[in-house]
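Visitor: Below is the structure I would like to discuss, written out as structure tokens.
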Amino acid sequence: MATWIWIVIVIVALIAGVALGFFIARQYMMKYLKDNPPINEDMLRIMMMQMGQKPSQKKINQMMTQMNKASTKPPTKK
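Residue numbers (the working numbering): 2 to 79.
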């Protein structure tokens, strides 16, 4: 078989692998977010009530802000 045919086969396989990997990863993340939704204000309110605290809207807003800040903050090097 000619060398150029092998090169074409490798390039096609690489493109197919990238496309397949993208769609598999996308499906996995959609399923993960469906099974484990991110925390919202209602979930936070329920958690605080279960811990015996009376949640005010100000307290919930503060906790949501802290959680958003902590999740977007880059990890520190030690």
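Don't be surprised by glycine CBs; every beta carbon is placed ideally from N, CA and C.
For residue 61 and residue 24, what's the separation of their Cα atoms in angstroms?
Guide: Taking the first residue of the sequence shown as position 1, residue 61 is located at position 60. Taking the first residue of the sequence shown as position 1, residue 24 is located at position 23. C-alpha separation (whole angstroms): 37 Å.
Visitor: Tell me the residue span of the alpha helix (DSSP H) that contains residue 41.
Guide: Position 40 of the sequence shown holds residue 41. Here residue 41 belongs to no alpha helix (DSSP H), and DSSP marks it neither H nor E.
Visitor: Start and end of the alpha helix (DSSP H) containing residue 2?
Guide: Indexing the sequence shown from 1 puts residue 2 at position 1. First-last for residue 2: undefined, no H or E at that position.
Visitor: Excluding the five sequence neighbours on either side, which residues of its own chain have a C-beta within less than 6 Å of the C-beta of residue 38, listed in chain order?
Guide: In the sequence shown, counting from the first residue as 1, residue 38 sits at position 37. Here the set comprises nothing.
Visitor: Our contact map puts residue 65 next to residue 56 with C-beta atoms below 8 Å; I'd like the distance itself, whole angstroms only.
Guide: The residue labelled residue 65 in the question sits at position 64 within the sequence shown. The residue labelled residue 56 in the question sits at position 55 within the sequence shown. Not quite, the Cβ-Cβ distance comes to about 11 Å (not below 8 Å), so this is no contact.
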